[in-house]
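For the record, in the sequence shown the residue sitting at position 253 is 257 according to the working numbering, with numbers rising by one throughout. These notes concern the structure reproduced below.
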Amino acid sequence: MTIAELQAEILRLKRETDACILAHSYQAREIIEVADVAGDSFALSKAAAQRAEAHVLLCGVRFMAEGVKLLSPEKRVTLVNPQAGCPMAEQMDKAAIEAVRQRFPEYTVVAYINTTAELKTVCDVCVTSSSAVEIVKKLPGNKILFIPDCNLGAWVQRMVPEKEIKLLQGGCPIHAAVTVAETKAARAAHPEALLLVHPECQPAVTALADYVGSTAGIMRYAKASPAREFIIGTEGSIAEHLQYDCPEKRFYPLTKHLVCQNMKLTTLPEVLLALQGQAGEEIRLDEETLRAARRCLNRMVELGG
Ligand code: 13P
Ligand code: SF4
């Protein structure tokens, strides 16, 4: 089958089986094109609660599919490629965070949405990179333990200096690997370009940026800006999608190694197989995990996340 034939069959079967497709922006173009909602973690978590379809196919990584299940427990949720995980989501375990909570009971534990459902059960509220600053500002407490991404946490601290934010060592291995030297080299290679960087990058890198924001924030900024050239400091697919959407502008990836292999595991043929019930994994969470982890995500939604 050609890509167009695969896409046509996916669209037909999706309608016939009351299914919808949610795709993270780091997915390939041909998957984004068949998605009902494509966006960052913030957009996907909002869509999860709003879609009417009984079956949700998630093209992205496991914590995103778990997030959809937590927000819509009555729906069937399928992670199209069950191998697609996020290394950051697995970095901290429940027992370790419970122990930290006991030592510092006065801290509100804020979990980046890139965490397992199990870890969310011992956290107070979730945030996405789009909503982190706004939600931390709104929390009644002034002492925050932000997990697992210390780079995103440091950025939130910069934006919300009035609160005390404790960090643990964790983060996205892809974004955190970007160096200051690479960033300066990209600037030197494209002196006219604006530098747009995701807050999962190290503080020394975000400090050099013209704009720091989530995946959706970077895309919005680049589309609205009158500038003609941009260096994109997040997963490589974003520079590609922007180049496709804005052919009159130029987009350069900050480095060639800013590629999330987990996000690349999902393929278009697999999306069709998952709709046919021949691929993918249905997300199942036990009652206790569902109840406790939902609290954390629902609080995010209440606070406007
Ligand atoms: P956002 O989608 O929240 O920008 O996060 C980026 C990311 O790394 C997703 O895993
Ligand atoms: Fe996880 Fe980083 Fe990949 Fe996002 S880009 S899924 S945070 S490893």
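Think of the CB as a built atom: it goes at the ideal place given N, C-alpha and C, for glycine as much as any other residue.
Of the other Cβ atoms in all chains shown, 16 or more fall within 10 Å of the Cβ of residue 219; this residue is therefore buried. For residue 72, the enclosing alpha helix (DSSP H) starts and ends at 66-75.
Residues 29, 219, 222, 223, 236 of the same chain have their beta carbon placed closer than 7 Å to that of residue 242, with the five preceding and five following residues left out of the count.
By the Cβ rule, the region 148-164 does not count as touching the region 246-265, because fewer than three pairs are nearer than 8 Å. DSSP places residue 138 in the helix class (H, G or I) of the three-state scheme.
Restricted to the region 168-212, the beta strand (DSSP E) segments that are unbroken, complete and at least 3 residues in length are 168-171, 198-201, listed in chain order. The distance from the Cβ of residue 231 to that of residue 198 is about 5 Å, consistent with a contact at the 8 Å cut-off. Under the DSSP assignment, residue 43 falls in the beta strand (DSSP E) whose first and last residues are 41-43. Fewer than three Cβ pairs drawn from the region 130-144 and the region 170-185 lie within less than 8 Å of each other, which leaves the two stretches out of contact. Counting other Cβ atoms within 10 Å of its Cβ, residue 261 stays below 16 and is therefore classed as exposed.
When the beta-carbon positions are compared, residue 87 and residue 63 stay at least 8 Å from each other. CA-CA distance, residue 151 to residue 9, rounds to 43 Å. With respect to the C-alpha of residue 271, the residue from 34, 116, 133, 17 having the closest C-alpha is 34.
With a cutoff of 8 Å on beta-carbon distance, residue 125 and residue 296 are scored as near each other. About 6 Å separates the Cβ atoms of residue 156 and residue 116, confirming a contact at the 8 Å cut-off.
The beta carbon of residue 196 sits closer than 6 Å to the beta carbons of 233 from its chain, once the five residues preceding and following it are set aside; these are given in chain order. The shortest CA-to-CA distance from residue 38 to any of 49, 281, 258, 24 is the one to 24. Remark: the C-beta of residue 154 is outside contact range of the ligand 13P, defined as less than 7 Å to any heavy atom. Closest in C-alpha terms to residue 252, from the list 265, 239, 229, 66, comes 229. In the structure shown, residue 225 adopts helical secondary structure according to DSSP, grouped into three states. It is roughly 17 Å from the alpha-carbon of residue 57 to the alpha-carbon of residue 84. Scanning 259, 239, 123, 256 for the CA closest to the CA of residue 265 turns up 239. Residue 82 sits close to residue 286, with the two beta carbons spaced by under 8 Å. Bounds of the beta strand (DSSP E) holding residue 147 are 147-151. Residue nearest to residue 179 within the set 210, 190, 188, 77 is 210 (criterion: CA-CA distance). Comparing alpha-carbon positions, the option among 304, 61, 129 lying closest to residue 111 turns out to be 129.
Assignment of residue 115 by DSSP, reduced to helix, strand and coil, places it in the strand class. DSSP places residue 245 in the uninterrupted alpha helix (DSSP H) bounded by 240-249.
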